[in-house]
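Numbering (this note's numbering), first residue to last: 7 to 138. Just so it is clear, CB atoms sit at the ideal spot from N, CA and C, and this is done for glycine as well.
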């Protein structure tokens, strides 16, 4: 069974990133052999951007929606469903209540990102949300 959400936990400089990179490298080496598929990581630090830049926002003047980084990445991964390669969205940074709150529906069994615009983006079976 492959989980759609997981967290790498450990002290700073304890090797979490290296373990993940080693797993990805091994999967890519084994790609095409038996039932193995490769993996690609989209890495972002959620604390380096504002909530609006991460998820998106409505412009109060034009009433137009502007996508954030996460919806853009998720749509890109969902559209690439012909490719069996695993898509790992890695949030590399401190987890806090402000931005993780919006991930509730992504991490539960619904596997859907619900945006303020009303749009819902469903994760594909090749996608995994990782938090380091």
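With H, G and I counted as helix, E and B as strand and the rest as coil, what does DSSP make of residue i?
i           : result
residue 130 : coil
residue 61  : helix
residue 85  : helix
residue 103 : helix
Ignore the nearest five residues each way along the sequence and tell me which others in residue i's own chain have a CB closer than 6 Å to its CB.
i          : result
residue 44 : 33, 34, 37 and 91
residue 99 : 51, 52 and 53
residue 11 : 113 and 135
For residue i, which residues in the same chain have their Cβ closer than 7 Å to its Cβ, ignoring the five residues on either side in sequence?
i           : result
residue 59  : 74 and 75
residue 120 : 111 and 126
residue 13  : 137
residue 30  : 45 and 47
residue 55  : 75
residue 19  : none
Below 8 Å on the Cβ atoms is my guess for residue i versus residue j; work out the distance and round it to an integer in Å.
i          : j           : result
residue 95 : residue 133 : 7 Å
residue 57 : residue 104 : 6 Å
Taking 7 Å as the cut-off, is the CB of residue i close to at least one heavy atom of the ligand PLP?
i          : result
residue 41 : As for the ligand PLP, it is missing from this structure, which has no ligand bound.
Taking residue i as part of the alpha helix (DSSP H), name the residues at either end of that continuous run.
i          : result
residue 22 : 22–36
Quick one: give me the first and last residue of the beta strand (DSSP E) that residue i is part of.
i          : result
residue 96 : 92–97
residue 47 : 45–50
residue 14 : Element bounds for residue 14: n/a, residue is neither H nor E.
Could you name the residues of the same chain whose beta carbon sits closer than 8 Å to that of residue i, not counting the 5 residues immediately before and after it, in chain order?
i          : result
residue 80 : 95, 119, 127, 129 and 133
residue 25 : 14
Given 8 Å, three or more beta-carbon pairs between the segment 111–119 and the segment 63–71
When Cβ pairs closer than 8 Å are counted between the two stretches, the segment 111–119 is seen not to touch the segment 63–71, the count staying below three.
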